[in-house]
Structure formats: structure tokens, C-alpha cells
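Residue numbers (this note's numbering): 9 to 294.
Below, the structure written as C-alpha cells:
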């Protein structure tokens, strides 16, 4: 699940085109991309789009925040079309996950969806209060929580910041701290760690640097705001042939020496953490 592409729910044309972008996940957006007077249209179109899901990428929906009066109506429209997952915006902490989990469980039971089928991933950084709860996600016991992601735009507005990156293009301290906490919490849950989107879709070189850094830092994927970003993100998160060969060699070395905790391979010492890392890399590569 490398690339997570947003498509506005009120645009049938963009929803129809998004699955052919090459994205691993397409998210029908019912929240920020949709004005108030188009919410019902977006819900109906998203439900129809979800139902046409025999092939292609996983189809998710970003519902409206639980602090709004809209999210239950979102679920009423979309749950019968069996979305793969729900992206929860402006999540204020694990307590909100419990509320959404209970609501989704009731829908699954009501319409015959297997329990736990519908996954949840929260956007966890969009307000200062929400950002302070990020470490708590690492110990939550909600099975359908499949990972964490974050965004910078709303938080930047909330704290009155006029920038999120410094002159060299690196995240400033506030956003670097949030990003690091999210990475740790996501891996603590055993789920995906999805990095924030790169907002300038006309800058593929900047996106390529950002995505490569995210992959090197331990993120498993990245949000996308435009179809043109998908191939760049996919390439950044696809392990190279050289890395895959190294991972296979590590796995083979430990398989040939069952019970060993430390081995020598090509002149360097490898230990069981290297084995786990190699197995994770091969699993991610399919």
C-alpha cells in the first residue's frame, strides 16, 4: 500500500479515472474537497463508485470528522457498498476510534459484512490537541486500526505558522516531531505508516526527494493529491532489485543455519533484527 490517492466524491469523472492511476489505494473524499451543498451528491456517487469494485486498487472513503454532524450520514450511504476502509480526519485520539469502530461494527452486523472487514486509518495531527495524543495510538486495542497517517496544512493553520519546511526543504521542528511520533506509533500498532502528502503536484523532483526520504525513514507509503504523483511515490517505495537480492540472501542464510542468532554474510555481521527487516522488505514487495 504505497500510494494513497484522494479523489473528490462530488466529481464522478475524477472518481472514475482515479483507479487507473496506478495507485494502490484510492480514497473517495467526502470531507475537505466537498462543499456543504454537495455532500449528498458526493455520498451517493461514492457509494456507486465503491460498488464497482471487482478489480483495481483498494477503495477507501474519507468521511467527515466525528466533531461534525455529517459522519453518520456518510456511513449510511457508503457502508452498504462495502468500502475497504475508512479514513478518519481530524481524529482527536483513540477514544474517537472506539466510537467509529462501534458504529462500523453495527453496520457490518446489520448488512452482513464479515466482522472486521472495514479497516480504519486516522489522520492524527490536524489540531494541536490531536497531535498530543499520537503516542496513545501505539497501545490501542482496536483490531481494525490498520495504520496511521498525518497532515500538515490544518495544523499549520491551527498554530498560526507561516511555514512547515525550512529554506532547505526540510520539515521544521514541530512537524518533524509529529512525523517521528507517528512513525513510532504506527509501527507499534504493527500497521502502515503513511507519510503526509506533498502539496505541490507540479514539482515531481521535490516529491521524489520527499518520498525517497519517507521510504528511507521507515514509512510504508504516502498520500497523493494528484494522479501525476502516483508513479513517483510507487517508485520511491518499491524496493530495488539489489535490496531484494540482499534480503533474500539474509533469509536464506538464516534458513541454512536454524537457531543461529548471528551470522556472517559477505563480510558483515547479520543478526536476527536484520532477518526481520529482510522478511518485512520481501513481504512489502509481494
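Backbone N, C-alpha and C fix where the C-beta goes; we use that ideal spot for every residue, glycine too.
For residue 140, no beta strand (DSSP E) run applies, since DSSP gives it neither H nor E. Scanning the region 256-294 for uninterrupted beta strand (DSSP E) segments of 3 residues or longer gives 270-273, 276-279, listed from N- to C-terminal end.
By alpha-carbon distance to residue 106, the top candidate from 251, 36, 149 is 149. The beta carbons of residue 35 and residue 131 sit about 11 Å from each other, so the pair does not count as a contact at 8 Å.
One alpha carbon belongs to residue 180, the other to residue 157, and they sit about 18 Å apart.
The C-alpha of residue 11 is placed about 10 Å away from the C-alpha of residue 219. Residue 173 is bridged by DSSP to 179. Following the DSSP letters along the chain, one finds residue 164 inside the alpha helix (DSSP H) bounded by residues 161-167. Comparing alpha-carbon positions, the option among 155, 262, 134, 41 lying closest to residue 126 turns out to be 155. The region 197-207 makes contact with the region 218-232, as at least three CB pairs between them are under 8 Å.
In its chain, beyond the 5 residues on either side, 9, 10, 11, 12, 65, 66, 229, 242 have a beta carbon closer than 8 Å to the beta carbon of residue 32. In this model, residue 60 and residue 90 are separated by some 10 Å (Cα to Cα). Ranked by how close their Cα comes to the Cα of residue 137, the residues 122, 100, 109, 265 have 100 in first place.
Put simply, the backbone Cα of residue 80 is about 49 Å away from that of residue 279.
Of all alpha-carbon atoms in 213, 19, 24, 28, the one lying nearest the alpha-carbon of residue 42 is that of 19.
In terms of CA proximity to residue 232, 207 leads the group 213, 245, 207.
The straight-line gap separating the alpha-carbon atoms of residue 28 and residue 284 is approximately 34 Å.
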